[in-house]
Amino acid sequence: MMSRIAIFAAIIVVLSVPTVRLALAATPGNIPAATPSGDTLELNDDLRGLTEAWNVGGGQYGYPFWEKAGHRWRASELSTSAYREYVVGYRDRLDAGCKLLSSVDTRTDLGDELQDRLVAACTDRVRALDAHQRELELLILRDASPEQIEDMAEWVESRNDERDTFNRLLQGSYAATRTSMDLAQAALEGEGLARLPEDAFI
Amino acid sequence: MTPDLRLLRELQALEAAFKPASSRINFVVAAETLRQAAIESPDNEAAIVTRSGVLRIEIRRYRVAATQAKTRLVAAAPSNDAAVRVRDDLQLAIAARVRAIFRMQQMLDAAAQRDNERAARLAVEWRSFWDESLRLTRSATTKGQAARAQSGLEPAEEGAFR
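Residue numbers (our numbering), protein chains in the order written: chain A, 328 to 529; chain B, 639 to 800.
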């Protein structure tokens with residue numbers, strides 16, 4: 328846990344160095360289709376920076392693995408305690424990812440707006456995964472030590488609350504990233520710039 | 639507003655039809671992410687071979703899932719205009735995904751034959767079809783959620799068309 332945070336702290340420091348940000352903005356997929364103005368370059372830089380932060384902060388090594396583990400858990404191919412490790416791993420990665428997203432230095436109005444939306448989506452997803460972890464721990468308790476549950480009705484109510492919180496926050500997070508992506512792609516197309524990878528904010 | 643229950647049934651039928659294509663896609667994505675990580679690590683030939691094998695298995699499984707979804711979408715036959723537009727996006731998305739995984743398989747073949755130039759070209763092609771499929775599923779989600787909102791229905795699960 329501490330080493331993960333240390334790695335993300337290092338990434339935040341590295342990404343804050345202007346030459347690194349310029350290098351990221353100059354990768355082949357980021358070359359604008361038409362001769363861009365200064366504002367257009369700033370928009371491109373903002374959106375690529377946010378994309379990179381989302382990718383590093385859980386998009387690449389968090390989401391697909393957690394989602395796959397969830398399918399296996401629901402199909403009873405993975406134990407609840409093993410699945411919980413995926414949930415916690417993704418949550419911790421996202422937690423650092425939210426800080427990384429906040430640290431991106433946006434310079435355009437749209438960049439600012441998208442950053443706010445994405446940070447909120449990221450924070451909601453962390454809270455969703457917190458609730459999911461609590462739900463899973465209730466299930467583990469029921470399966471491993473049912474004698475410790477004094478009031479089953481209370482246990483059921485707690486589990487339902489955590490599950491509802493998880494679903495509500497997760498759906499909100501997904502909707503926010505979807506509409507953020509719609510906004511970003513429309514803005515890039517409007518400026519004649521290359522689109523972002525379509526799974527940039529997944 | 640009275641909820642449009644016919645539209646609801648048609649959209650739910652589309653969600654159920656697309657589910658096989660949606661539920662296994664991250665198995666492919668995760669396998670390719672691990673293969674790429676092995677390629678980017680030094681002296682990792684054994685891991686590359688193993689992870690390429692895992693990816694081939696996931697591609698084969700996904701092809702079956704995509705075929706199931708394709709058949710079910712045809713059978714869904716919605717009548718509401720909004721649902722038809724969602725169905726059209728989903729059918730195009732599946733076609734793009736099938737092309738993407740076909741290119742991915744060709745990329746693995748080229749990499750196994752050490753034809754790096756062809757493998758690199760196919761990597762760009764699969765990524766392009768994959769992007770297209772994601773753009774279409776996002777469009778289907780946006781259209782589906784808008785149709786539900788206009789018809790007094792609750793929003794669907796955001797992940798239904800992933």
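Just so it is clear, CB atoms sit at the ideal spot from N, CA and C, and this is done for glycine as well. All values derive from a computational prediction rather than experimental measurement.
Among residues of its own chain, excluding the 5 on either side of residue i, which ones have a beta-carbon nearer than 7 angstroms to its beta-carbon?
i, result
"Arg737 of chain B", "Phe767"
"Leu370 of chain A", "Thr435, Leu437, Gly438, Ala514 and Glu518"
Compute the Euclidean distance between the alpha carbons of residue i and residue j, then round it to the nearest angstrom.
i, j, result
"Asp373 of chain A", "Ala471 of chain A", "49 angstroms"
"Pro680 of chain B", "Ala380 of chain A", "25 angstroms"
"Asp432 of chain A", "Asn718 of chain B", "45 angstroms"
"Thr780 of chain B", "Ala720 of chain B", "11 angstroms"
"Arg522 of chain A", "Glu770 of chain B", "11 angstroms"
"Leu746 of chain B", "Asp436 of chain A", "43 angstroms"
"Ser690 of chain B", "Asp753 of chain B", "15 angstroms"
"Thr450 of chain A", "Cys425 of chain A", "6 angstroms"
"Arg399 of chain A", "Ala757 of chain B", "31 angstroms"
"Ala714 of chain B", "Arg741 of chain B", "28 angstroms"
"Gly499 of chain A", "Leu456 of chain A", "13 angstroms"
"Gln674 of chain B", "Pro524 of chain A", "17 angstroms"
"Asn357 of chain A", "Leu520 of chain A", "Here Asn357 of chain A scores only 47 on pLDDT, less than 50, and its place in the model should not be relied on; the value that follows carries that caveat. Spanning the two alpha carbons is a distance of roughly 8 angstroms."
"Glu683 of chain B", "Leu672 of chain B", "13 angstroms"
"Glu462 of chain A", "Arg434 of chain A", "40 angstroms"
"Ser429 of chain A", "Leu497 of chain A", "20 angstroms"
"Ala655 of chain B", "Gln706 of chain B", "8 angstroms"
"Ala651 of chain B", "Ala527 of chain A", "28 angstroms"
"Lys657 of chain B", "Thr775 of chain B", "12 angstroms"
"Val724 of chain B", "Leu643 of chain B", "17 angstroms"
"Arg765 of chain B", "Val667 of chain B", "11 angstroms"
"Val762 of chain B", "Glu755 of chain B", "11 angstroms"
"Thr354 of chain A", "Leu427 of chain A", "For Thr354 of chain A, the predicted model reports a pLDDT of 40, less than 50, meaning its position is unreliable; a value from the coordinates is still stated below. In a straight line, the C-alpha of Thr354 of chain A is about 20 angstroms away from that of Leu427 of chain A."
Count the other CB atoms within 10 Å of the CB of residue i; is the residue buried (16 or more) or exposed (fewer)?
i, result
"Met479 of chain A", "exposed"
"Arg773 of chain B", "buried"
"Pro716 of chain B", "buried"
"Asn664 of chain B", "buried"
"Glu394 of chain A", "buried"
"Ile739 of chain B", "buried"
"Gln788 of chain B", "exposed"
"Thr640 of chain B", "exposed"
"Asp491 of chain A", "exposed"
"Gln475 of chain A", "exposed"
"Gly365 of chain A", "exposed"
"Glu796 of chain B", "buried"
"Gln783 of chain B", "buried"
"Arg401 of chain A", "exposed"
"Thr709 of chain B", "exposed"
"Ile732 of chain B", "buried"
"Leu377 of chain A", "buried"
"Ala511 of chain A", "buried"
"Ala750 of chain B", "exposed"
"Glu670 of chain B", "buried"
"Ser777 of chain B", "buried"
"Val446 of chain A", "buried"
Under 7 angstroms from any heavy atom of the ligand GDP, does the C-beta of residue i make it?
i, result
"Pro716 of chain B", "The ligand GDP is absent from the structure shown, which contains no ligand whatsoever."
So, at 8 angstroms on beta carbons, what are the nonlocal neighbours of residue i in its own chain, with the 5 sequence-adjacent residues on each side left out?
i, result
"Arg786 of chain B", "Leu645, Leu646, Leu649, Glu792, Pro793 and Ala794"
"Leu465 of chain A", "Trp482, Ser485, Arg486 and Glu489"
"Tyr390 of chain A", "Tyr417 and Ile529"
"Arg735 of chain B", "Ala659, Ile663, Tyr700, Ala704, Phe767, Trp768 and Ser771"
"Ala685 of chain B", "Ala676 and Ser679"
Using a Cβ-Cβ cutoff of less than 6 angstroms, which residues in the same chain neighbour residue i once the five nearest sequence positions on both sides are dropped?
i, result
"Glu653 of chain B", "Ala798"
"Gln744 of chain B", "Leu760"
"Ser660 of chain B", "Arg800"
"Ser408 of chain A", "Ile467"
"Gly790 of chain B", "Met639 and Pro641"
"Ala448 of chain A", "Ser500, Ala503 and Thr504"
"Tyr410 of chain A", "Ala396 and Trp400"
"Arg420 of chain A", "Gly385 and Gly389"
"His459 of chain A", "Val414 and Phe493"
So with CB distances below 7 angstroms, who are the chain D contacts of residue i?
i, result
"Val667 of chain B", "Looking at the structure shown, chain D is missing, and the protein chains on hand are A and B."
Across the stretch 501-508 of chain A and the stretch 429-448 of chain A, are there enough close Cβ pairs to call them in contact, namely three or more that are closer than 8 angstroms? yes
Pair every Cβ in the stretch 511-522 of chain A with every Cβ in the stretch 696-711 of chain B, then say whether three or more of these pairs are closer than 8 angstroms. Counting C-beta pairs with one atom in each stretch, the stretch 511-522 of chain A and the stretch 696-711 of chain B have fewer than three that are closer than 8 angstroms, which means they do not touch.
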